[in-house]
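Visitor: I am attaching a structure below and will ask some questions about it afterwards.
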Amino acid sequence: DVIVVGGGVLGVWSAVEAAKQNASVALLDQYDAGHGKGSSHGDGRIYRFAYAEDLYVDMMDLALERWRDLDEGGDILSKTGGVSLYSGAESDTSYASHGAYEGLRDLYARRGLAHETWTADELSEKFPQFAAADGNTTALFQPDFGVLFATPAVKKAWALARQLGVDARENAAATGVARKKDGTVEVRVAGGGVVRGKAVVVAPGAWLTNVAATWFGLDVPTEISAETVSYFRPKADADEYGYAKMPVFISDRDNGLGLYGYYGLPIIDVPGVKVSAHHSGHVLTDAAAGRPAAAGGAGGTETDEAAAAERRAAIIAANEQFVADFFPGLEAKPFRNDNCLYTSTSDLDYVLDRVPGFENAVLVGGGSGH
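According to this note's numbering, the stretch in the sequence shown is residues 332 to 701, in order.
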């Protein structure tokens, strides 16, 4: 009945939801479940109710309900609480989808979401990890933020899909889609295979722009960026920086590289606090081909490698500065730096719609980095 192309978060949950409605489903991904070449991997991702628009709060409610159902053993999800850190130097663009202080406080009140506003001193009293926060910092705390253990969560969603009868195929790269005269859909698979069905959901992640153009003739512009995240080891008392005791955080502090500040997570599996200058990564022309090694790929041109390496170094330096400004208990230099891909539309909203002229095809993407 339904073919789903792409097995990241958006794709695998599309397969699960279709199967729950008693549809026969095939799920195809070009790599292994939970692979590290896109956006749905790593030890942790923030989940939050801090959005500028009610629509995304509604979506968070729906998504979290499903993750909680999947989290029976407590192995993929943990509520940590979260602090939105405002520097007192907001602009119209600060925080993007997250929302500026007044708007976010109003949204929490309107939605009946618990929240507290703290000074820098109150923040460090509640959470001593943030002891270096300067006096201009305002912290808006919301207790329902948390962390999703990304790679285990995606793999568990794949397992659920298989339990529901989904024909879930790893290392099965789809190369194109066609609508047949009888209205059915045919998806071509690398190596000569074909999968036929009544409808297709295409969730290609960082390959969105290319797939939209080559498969459907659509212009869906996105920016693919290779973001750099840094892990900082505690000088002592590592337990105090774990997700059982420390909240996730998002800050509008100027990172010197882009408009969207920083975000960070407490220790999960990697033994360090994760910090990143948000939406600041090296911009790629393609999610895979020619991706520089400095941006987490196999290697690019000499010019692109130099540009990616320069950007990576600048992000790491910015991450170090943020740690120096907030976290005196962390080492000054990161012991590990990783990459993940953001795929962003021009307004940072999702793409989620039927394909014009191809009504039994749905295109989904633009969710990473939101």
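Cβ atoms here follow ideal geometry from the backbone N, Cα and C, with glycine treated the same way.
Taking the alpha carbon of Trp617 as the point to measure from, which residue in Ser355, Gly631 and Gly595 has its own alpha carbon closest?
Guide: For clarity, residue 617 is Asp in the given sequence; the question names Trp instead. Ranking Ser355, Gly631 and Gly595 by Cα distance to Asp617 puts Gly631 first.
Visitor: Work out the CA separation of Asp635 and Ala608 for me, nearest whole Å.
Guide: Going by the C-alpha atoms only, they are around 21 Å apart.
Visitor: Leaving out five residues on either side along the sequence, give the residues of the same chain with a beta carbon under 7 Å from the beta carbon of Leu491.
Guide: Once the five neighbours on either side are set aside, the close Cβ partners of Leu491 are Val347 and Leu401.
Visitor: Under a Cβ-count criterion, where at least 16 other Cβ atoms within 10 Å of its own Cβ denotes burial, should Leu479 be classed as buried or exposed?
Guide: Buried: at least 16 other Cβ atoms inside 10 Å.
Visitor: Pick from Gly621, Ala640 and Tyr562: whose alpha carbon is nearest that of Gly612?
Guide: Of the listed residues, the one whose Cα sits closest to Gly612 is Ala640.
Visitor: In angstroms with no decimal places, state the Cα-to-Cα distance between Ala649 and Arg527.
Guide: Their Cα atoms are separated by approximately 49 Å.
Visitor: On the DSSP bridge assignment, give the partners of Pro565 in chain order.
Guide: Pro565 is bridged to Leu661.
Visitor: For Thr424, which residues of its own chain have a beta-carbon under 6 Å away from its beta-carbon, when the five flanking residues on both sides are left out?
Guide: With a pLDDT of only 48 at Thr424, under 50, the local geometry of the prediction cannot be trusted, and the value read off the model is given with reservation. Excluding positions up to five away in sequence, the list reads Leu590.
Visitor: Counting only the same chain and skipping the five closest in sequence on each side, list residues whose C-beta sits under 6 Å from that of Pro665.
Guide: Once the five neighbours on either side are set aside, the close Cβ partners of Pro665 are Ser561, Tyr562 and Phe563.
Visitor: For Ala499, count the other beta carbons within 10 Å of its own beta carbon; 16 or more makes it buried, fewer makes it exposed. Which is it?
Guide: Per the 10 Å Cβ criterion, buried.
Visitor: Grouping DSSP H, G and I as helix and E and B as strand, with all else coil, what is Ile647?
Guide: Reduced to three states, the DSSP call for Ile647 is helix.
Visitor: If you check the beta carbons only, do Ser409 and Tyr574 fall under 8 Å apart?
Guide: Yes.
Visitor: Using the Cβ count rule (16 or more neighbours within 10 Å means buried), how would you classify Gly592?
Guide: Buried is the call here.
Visitor: Is DSSP giving Thr545 helix, strand or coil here?
Guide: In the structure shown, Thr545 sits in a helix (DSSP, three-state: H, G or I).
Visitor: Apart from the five residues on each side of it in sequence, which residues of its chain come closer than 6 Å, Cβ to Cβ, to Ala445?
Guide: Answer for Ala445: Pro474, listed in chain order.
Visitor: Please name the residue, chosen from Val333, Ala537, Ala638 and Tyr572, that lies closest to Gln460 on a Cα-to-Cα basis.
Guide: Cα-wise, what sits closest to Gln460 is Tyr572.
Visitor: So which of Gly338, Val356 and Val343 has the shortest CA-CA distance to Ala530?
Guide: When only C-alpha atoms are compared, the closest one is Val356.
Visitor: So who's on the other strand from Arg527, going by DSSP bridges?
Guide: Bridge partners of Arg527: Glu517.
Visitor: Using DSSP with H/G/I as helix, E/B as strand and the rest coil, what is Glu554?
Guide: Correct three-state label for Glu554: strand.
Visitor: Would you kindly work out how many angstroms separate the C-alpha atoms of Lys512 and Asn353, rounded to a whole number?
Guide: Looking at the two C-alpha atoms, the distance is approximately 25 Å.
Visitor: Applying the criterion that 16 or more other CB atoms from any shown protein chain within 10 Å of the CB defines a buried residue, is Thr448 buried or exposed?
Guide: The residue is exposed, with fewer than 16 neighbouring Cβ atoms inside 10 Å.
Visitor: Whose CA, out of Ala626, Ala543 and Ile646, lies closest to the CA of Leu683?
Guide: Measuring from the Cα of Leu683, the nearest candidate turns out to be Ala543.
Visitor: Express the C-alpha separation of Ala509 and Gly521 in angstroms, rounding to a whole number.
Guide: Residue identity differs from the one stated: residue 521 is Ala in this sequence, not Gly. Each residue's alpha carbon lies about 15 Å from the other.
Visitor: When you compare only the Cα positions, how much space is there between Glu690 and Arg667?
Guide: Approximately 46 Å, taken between the alpha carbons.
Visitor: Note down, in chain order, each residue of its chain lying with its Cβ closer than 7 Å to the Cβ of Ala451, except the 5 sequence neighbours on either side.
Guide: For Ala451, where only same-chain residues beyond five positions count, the Cβ hits under 7 Å are Ala464, Asp465, Gly466 and Thr468.
Visitor: What do you get for Val533, buried or exposed, if any count of 16 or more other CB atoms within 10 angstroms of its CB means buried?
Guide: Buried is the call here.
Visitor: Considering Cα atoms alone, identify which of Ala645, Ala692, Gly627 and Ile599 is closest to Asp374.
Guide: Closest option to Asp374, Cα to Cα, is Ile599.
Visitor: Excluding the 5 residues preceding and the 5 following Val686 in the sequence, name in chain order all residues of the same chain whose CB lies nearer than 6 Å to its CB.
Guide: Closer than 6 Å at the Cβ level, and outside the excluded window around Val686, lie Phe547, Ala692 and Leu694.
Visitor: Which residue wins for smallest C-alpha separation from Thr553, given the options Asp568, Ala537 and Pro565?
Guide: Answer by Cα proximity: Ala537.
Visitor: Is it right to say Gly419 is buried, meaning 16 or more other beta carbons lie within 10 angstroms of its own, or is it exposed?
Guide: Label assigned to Gly419: exposed.
Visitor: Alpha helix (DSSP H) containing Lys351: first to last residue?
Guide: Val340 to Lys351 is the span of the alpha helix (DSSP H), which, as asked, contains Lys351.
Visitor: Does the separation of the CB atoms of Thr370 and Ser699 fall below 8 Å?
Guide: First, the amino acid is wrong: residue 370 is Ser here, not Thr. In this structure, Ser699 lies closer than 8 Å to Ser370 by Cβ.
Visitor: For Arg642, which residues from the same chain have a beta carbon less than 6 Å from its beta carbon, with the 5 sequence-adjacent residues on both sides left out?
Guide: Closer than 6 Å at the Cβ level, and outside the excluded window around Arg642, lie His613.
Visitor: Could you check which residue in Phe472, Glu501, Ala431 and Val343 has the C-alpha nearest to that of Asp363?
Guide: For Asp363, the nearest C-alpha among the options comes from Glu501.
Visitor: What did DSSP end up calling Thr634 once you bin it into helix, strand or coil?
Guide: Note: Thr634 maps to helix in three-state DSSP.
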